[in-house]
Amino acid sequence: MREADRLDHFVDNLLDMSCIEGGALKPKKVLYVIDALILETIDYMQPLLCGRSIELDVPDLPPVELDPIRIGQVLSNLIENAVHYTPTESSIEIHARTNGEQMLISIADRGPGIKANDIERIFEKFYRSHPTYPPGSGLGLAVCRGLVEAHNGRIWAENRDCGGA
C-alpha cells in the first residue's frame with residue numbers, strides 16, 4: 001500500500017472513530033443478503049490477498065437488516081487483519097450462520113494467534129499488540145467494534161485450537 005493510501009485510510013478511520021464516539025454514526029440499514037456482501041467484499045479485497053485462498057462456509061442465508069457499506073467496512077478490516085497474520089501458503093476461513101434473529105460471521109486466520117493479555121485489548125482505540133508489524137494505526141479493530149455495536153451486535157476475538165485467531 002502506498003503511503004498516500006495508508007494516510008487516507010488512517011484519516012478515514014479517525015473520522016469514523018470520531019463519529020462513533022460522538023454518537024453521530026447512524027447505520028443506514030436495508031435488507032441485504034449477507035452472503036452477497038461477503039462475496040463482494042472478497043472480490044474487492046482480491047489484490048490484497050496476495051495469493052492467499054479463502055475458504056467459505058456461507059450457506060444461502062435470509063436477508064438481514066444492515067448497513068451494507070458499514071458492514072462491508074467491518075468485513076474488509078477483518079479480512080485485511082487476517083491477511084497480515086496468515087502465512088502466504090495458508091487460507092483464511094469465513095463462516096456465516098444465523099441463529100434465530102442473530103447473524104454470526106467469523107473470519108479466522110492461521111497465524112500465531114493473540115497473546116492472552118492482548119485478546120481483550122485489541123478492540124481498544126490505538127492499541128497494537130505488535131507495535132511494528134504489521135503497519136497500522138491501531139484504529140481498524142476499534143472502528144469494527146463501533147460499527148458492529150451501532151448495529152446492536154457484538155464483536156470478539158478468540159484463539160483457535162488449531163492455531164490462529
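What the sequence shown shows, in the numbering used here, is residues 1 to 165, in sequence order.
The beta carbon of each residue, even a glycine, is placed where N, CA and C say it ideally should be.
Treat the numbers as computed from the prediction; the structure is a model and nothing was measured.
Two segments are said to touch when three or more pairs of C-beta atoms, one from each, lie closer than 8 Å; by this definition the stretch 78-93 touches the stretch 106-114. Rounded to the nearest whole angstrom, the C-alpha separation of K26 and I119 is 28 Å.
Between the alpha carbons of G140 and N13 lies a gap of roughly 7 Å. Per the Cβ contact rule, the stretch 15-29 is not in contact with the stretch 48-56 (fewer than 3 Cβ pairs under 8 Å). I38 places its beta carbon less than 8 Å from that of A96. Look at A36 here: in three-state DSSP terms it is helix.
A buried status is given to E93, since no fewer than 16 other beta-carbon atoms sit within 10 Å of its beta-carbon. As far as DSSP is concerned, Q46 takes part in no beta bridge.
Looking from the CA of A82, the closest CA among N99, C50, L104, L66 belongs to C50. Beyond the five residues adjoining it in sequence on each side, N117 comes within less than 7 Å, by CB distance, of no other residue in the same chain.
With contacts defined as CB atoms closer than 8 Å, Y32 and P63 qualify as a contacting pair. Excluding residues up to 5 positions away in sequence, H95 lie with their Cβ nearer than 6 Å to the Cβ of S106 in the same chain. Listed in chain order, the non-local C-beta contacts of E80 below 8 Å within the same chain comprise M45, L48, G140, local neighbours out to five positions each way being set aside. Between the beta-carbon of F123 and that of G138 there is about 10 Å, and that puts the pair past the 8 Å contact cut.
When secondary structure is reduced to three states using DSSP, L25 falls in the coil class, being assigned neither helix nor strand. Listed in chain order, the non-local C-beta contacts of D16 below 6 Å within the same chain comprise V143, local neighbours out to five positions each way being set aside.
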